[in-house]
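Numbering (the numbering used here), first residue to last: 18 to 193. Reviewing the structure listed below.
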Amino acid sequence: MRKSLFGIVALLVLVLISNLASAQRENEDLIRVYRWLNTVDNNYVTLADGEFQEGQLLQWKYKEKTLLFYAYKPPGPNRVAVYRWTNPVTKDQTSIAEDEVSDSDMMQKGYTLKSLQFYAPIRRAENHVAVYRWYRAKTKDWVTFQEFGDTDKLWDKGYKMKTFQYYGIMRNEYEQ
18 MRKSLFGIVA
28 LLVLVLISNL
38 ASAQRENEDL
48 IRVYRWLNTV
58 DNNYVTLADG
68 EFQEGQLLQW
78 KYKEKTLLFY
88 AYKPPGPNRV
98 AVYRWTNPVT
108 KDQTSIAEDE
118 VSDSDMMQKG
128 YTLKSLQFYA
138 PIRRAENHVA
148 VYRWYRAKTK
158 DWVTFQEFGD
168 TDKLWDKGYK
178 MKTFQYYGIM
188 RNEYEQ
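Given below as structure tokens:
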């Protein structure tokens with residue numbers, strides 16, 4: 018009786034440890050994605066955690082750091098690569114999913130310095146939120162916004178042309 022009870026307890030402990038290790042591995046695969054506002058140019062930028070040091074962004078006059086969602090660091094099935102493009106003339110930076118806009122179209126619009134940011138889910142799931150790109154013609158600024166954000170504020174600031182991009186991952190600390 019004791020041997021079987023010990024065996025059951027040992028099995029449960031092994032299952033629990035396995036689940037914790039799996040959850041830890043999944044957390045290491047995720048990265049926070051933020052939106053920042055540059056107060057000098059009045060442009061928004063979407064940045065994955067660690068793309069630039071926060072102190073450097075503050076020195077460059079970025080503020081209003083807002084957590085948008087989580088994304089994946091590594092590639093995988095049902096994920097799309099998201100790249101940051103920079104336009105040196107308008108000083109705009111935008112995040113574009115792979116094949117959302119062709120590289121030649123981006124370069125024709127004056128964007129350069131394409132760099133990989135993260136991988137985003139392409140399928141809706143229980144903990145996913147739709148992510149849209151909005152465009153403001155007056156300043157030629159693109160902004161990334163999740164589906165439940167304050168879109169009235171965007172309309173008031175002149176942002177139009179709402180376009181679906183991909184899905185972001187919601188986490189408990191974000192939902193609160």
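Beta carbons are placed, not taken as given, at the ideal position from N, Cα and C, and that holds for glycine.
For the beta strand (DSSP E) assignment, the uninterrupted runs of no fewer than 3 residues enclosed by the stretch 72 to 120 are, from N- to C-terminal side, 79 to 89, 96 to 104 and 109 to 114.
For the 9 Å CB-CB criterion, I186 and Y87 form a contact.
Cβ-Cβ distances below 7 Å link V106 to G127 in the same chain, with the five nearest sequence neighbours on each side left out; the list follows chain order. Looking at E143, Q134, Y51 and K170, the one whose alpha-carbon comes closest to that of R153 is K170. Judged by DSSP secondary structure, T168 falls within the alpha helix (DSSP H) whose first and last residues are T168 to D173.
Of all alpha-carbon atoms in K157, D109, W77 and Y184, the one lying nearest the alpha-carbon of Q163 is that of Y184. Each of T180, D46, K157 and T168 was checked against the Cα of N104, and the nearest Cα belongs to K157. Residue range L47 to N55 is occupied by the beta strand (DSSP E) that includes N55. In the structure shown, M178 adopts extended strand secondary structure according to DSSP, grouped into three states. Around the beta-carbon of P138, 16 or more other beta-carbon atoms lie within 10 Å, marking it buried. Under the 10 Å beta carbon count, N60 is surrounded by 16 or more other beta carbons and is classified as buried. Excluding residues up to 5 positions away in sequence, W151 and Y152 lie with their Cβ nearer than 7 Å to the Cβ of M178 in the same chain.
Straight-line measurement puts the Cα of K108 at about 7 Å from the Cα of D58.
Residue range D158 to Q163 is occupied by the beta strand (DSSP E) that includes F162. Nearest Cα to V62 within the set K82, T168 and K174: K82. With a threshold of 16 other beta carbon atoms within 10 Å, N55 meets it and is buried.
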